[in-house]
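Here's the structure, in structure tokens; my notes come after.
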Amino acid sequence: MDDHVESDQEELKKEFEAWKEQIGREDEMLMKAEAEDEDKKSKETIVNKNSPPVLIEDIRSVEARERGNGLFGEGKFEMAVQWYDAAVQGAGSETDRAIAMNNRSLAKLKLGDAHGAAADAKEVLSHGTLDPKLQQKASLRLKAAQELLEMGEDALREKGNAAFKEGNLVAAMNLLTSSIEKRGEGLALGLSNRSLVSLKLKDYAAAEKDALAALRLDLPDQVRKKVLYRQATAVANQGRFQEAASLLESMICEYPDSTEAQSDLKTVKSKLASCQKEPQAEGFPATGLQFPTEVPLEAPASFYQFELLWRNFARKGLERHKLSLLKQISPEKLPRLFGESLSPEFVEDMAQALTQTEEEDHEWLMDVLEQLAKTRRFDLVLLSSPGAKPSFGELFDRLSREGKDQPSDVERINSLRRIYL
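Per the UniProt record's numbering, the sequence shown runs over residues 1 to 421.
So, in structure tokens, the structure goes:
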């Protein structure tokens with residue numbers, strides 16, 4: 001991804017955050033007005049005296065949806081999904097919500113997220129009273145998602161490669177992952193290609209893991225050469241310069257014509273010498289290598305971003321990483337972030353992850369459980385998540401033991417237990 005694209009995405013993120021802040025300020029003003037006006041007239045904008053009242057929420061939802069449509073038209077599907085998230089969460093009517101979900105389903109298809117696209121389409125179809133045109137669009141989205149889910153390994157890998165060439169890295173990652181999960185004869189190529197996508201996304205640990213897995217399988221000679229280089233690049237970008245130098249030296253012995261490896265070996269050795277003299281020296285860019293200093297992850301701006309990261313950690317069995325991701329978000333922001341996007345599978349997975357918390361997380365854990373319960377339709381999702389009950393039971397037993405000497409904690413824990421169990 002070049003600097004221009006990164007800069008463009010940063011501007012879009014700033015615009016999205018500014019819009020959310022504006023909505024927050026308007027919400028505060030409305031709350032004050034509502035306290036003074038029992039009839040809540042401040043929540044209504046009258047189009048004309050003969051028209052029904054239009055809720056402020058409806059206006060915001062349409063505004064967010066239109067912004068998402070604009071980004072979709074520009075090919076910025078990931079940012080479009082964020083605006084559609086806001087449109088879904090703020091919709092004041094089932095029709096507006098269905099329109100936003102249909103649009104989000106199509107954007108997710110463009111991102112290669114067949115599961116997410118299918119879930120949105122099924123949700124729209126579950127409301128049989130909606131406009132037949134909305135139902136028809138949802139049916140088409142669902143059919144396309146199912147076709148993607150049923151697609152063969154080679155076809156998925158080809159679509160992933162095409163998405164990568166178009167600069168759609170999220171779609172490339174999703175499609176290549178789907179290809180890899182088929183575990184067919186093209187597994188090694190899928191792993192190799194996904195390693196490259198992870199490098200572009202600066203997920204160096206994932207890039208290294210895929211490269212290692214690919215190298216354990218049979219690879220054509222030229223593909224093996226590329227994978228060795230990706231492995232060394234991923235290792236170097238994690239600050240393990242001695243190991244990277246060894247990998248590059250081995251690669252040069254096997255492929256003496258690799259000018260990239262020769263150039264990067266000089267850079268790595270220079271960096272290694274610099275680090276030995278100045279352990280705190282900052283990273284610098286080089287051919288194929290960037291050596292960034294450790295940068296903390298930013299809190300996800302939408303449930304879609306959150307879910308992508310969460311599922312990636314879940315796929316790798318990184319329970320601690322999932323907790324770290326959750327801790328980046330203030331508990332009081334969880335209901336708005338999750339909106340109506342919670343699924344039974346996600347609740348079960350989150351319950352399991354929360355069992356990995358420590359005693360020092362006691363207060364934070366209770367805050368998370370309180371806020372999670374405030375998420376829209378949480379009670380219905382929980383009823384559909386029988387697999388979460390044992391994990392939540394374990395959590396509340398532990399919380400009770402930890403808070404038994406604090407009367408206020410005991411009351412709070414018992415109240416939460418009644419909600420969850």
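The C-beta atom is built at its ideal place from N, Cα and C for all residues, glycine as well.
Inter-residue spacing [alpha-carbon to alpha-carbon] between residue 373 and residue 419 = 8 Å
task = Might you give, ordered along the chain, the residues of its own chain that have their beta carbon closer than 8 Å to the beta carbon of residue 243, omitting 5 neighbours on each side?
result = 235
message = Cutting at 7 Å between CB atoms, please list the residues of its own chain near residue 332, excluding the five before and the five after it.
response = 371
query = Any beta-carbon of chain B closer than 8 Å to the one on residue 390?
reply = Of the protein chains in this structure there is only one, and it is not chain B.
message = According to DSSP, is residue 407 part of a helix, a strand, or is it coil?
response = helix
query = In whole angstroms, what separates the C-alpha of residue 241 from that of residue 272?
reply = 6 Å
ask   = Just the Cα atoms here: how many angstroms apart are residue 344 and residue 309?
value = 18 Å
inquiry  = Can you look up residue 362 in the DSSP assignment and give me helix, strand or coil?
reply    = helix
query = Curious, which full-length alpha helix (DSSP H) runs of at least 4 residues does the segment 366-398 contain?
reply = 378-383
task = Classify residue 96 as buried or exposed, calling it buried when 16 or more other Cβ atoms lie within 10 Å of its own Cβ.
result = buried
request  = Might you give, ordered along the chain, the residues of its own chain that have their beta carbon closer than 7 Å to the beta carbon of residue 349, omitting 5 neighbours on each side?
outcome  = 314
inquiry  = Check whether the segment 104-113 and the segment 76-91 touch, using three or more Cβ-Cβ pairs below 8 Å as the test.
reply    = yes
Nearest residue (CA-CA) to residue 162, options 176, 71 and 150 = 176
inquiry  = With three or more C-beta pairs closer than 8 Å as the rule, is the segment 64-76 touching the segment 123-131?
reply    = no
key: Presumed contact (8 Å Cβ cut-off) between residue 88 and residue 307, rounded CB distance   = No, residue 88 and residue 307 are not in contact; Cβ-Cβ is about 14 Å, not under 8 Å.
message = Under 8 Å, with one C-beta from each stretch per pair, do the segment 211-230 and the segment 178-197 reach the 3-pair mark?
response = yes
query = Is the beta carbon of residue 204 within less than 7 Å of some heavy atom of the ligand SAH?
reply = The ligand SAH is absent from the structure shown, which contains no ligand whatsoever.
ask   = What's the gap between the Cα of residue 119 and the Cα of residue 105?
value = 8 Å
When 247, 194, 227 and 150 are compared against residue 168, the one with the closest alpha-carbon = 194
query = Thinking C-alpha only, which one of 63, 84, 66 and 144 is nearest residue 304?
reply = 84
message = At the level of alpha carbons, what is the spacing between residue 173 and residue 201?
response = 9 Å
request  = Would you decide whether residue 375 is buried or exposed? Buried here means 16 or more other CB atoms lie within 10 Å of its CB.
outcome  = buried
query = Taking the continuous alpha helix (DSSP H) assigned at residue 226, which residues delimit it?
reply = 221-237
message = Between the alpha carbons of residue 381 and residue 342, how many angstroms are there, rounded?
response = 7 Å
query = Any idea what DSSP makes of residue 255, helix, strand or coil?
reply = coil
ask   = Which whole-angstrom value describes the C-beta separation of residue 134 and residue 98, a residue pair presumed to lie in contact below a C-beta threshold of 8 Å?
value = 5 Å
task = Determine the contact status of residue 362 and residue 399, defining contact as a CB-CB distance below 8 Å.
result = yes
message = Please return the same chain residues whose Cβ sits closer than 7 Å to the Cβ of residue 204, not counting the five positions on each side in sequence.
response = 234, 237 and 238
request  = Please classify residue 413: is it buried, with 16 or more other beta-carbons within 10 angstroms of its beta-carbon, or exposed?
outcome  = buried
query = Per DSSP, what kind of secondary structure is residue 401 in: helix, strand or coil?
reply = helix
inquiry  = Tell me the DSSP secondary structure of residue 115 in three-state form.
reply    = helix
key: residue 369 versus residue 228: straight-line alpha-carbon distance, rounded   = 45 Å
Neighbourhood of residue 67 by C-beta, 6 Å cutoff - its chain only, sequence neighbours within 5 removed = 83
request  = Please check the pair residue 356 and residue 320, which I expect to be a contact at CB under 8 Å, by giving their CB distance rounded to whole angstroms.
outcome  = 7 Å
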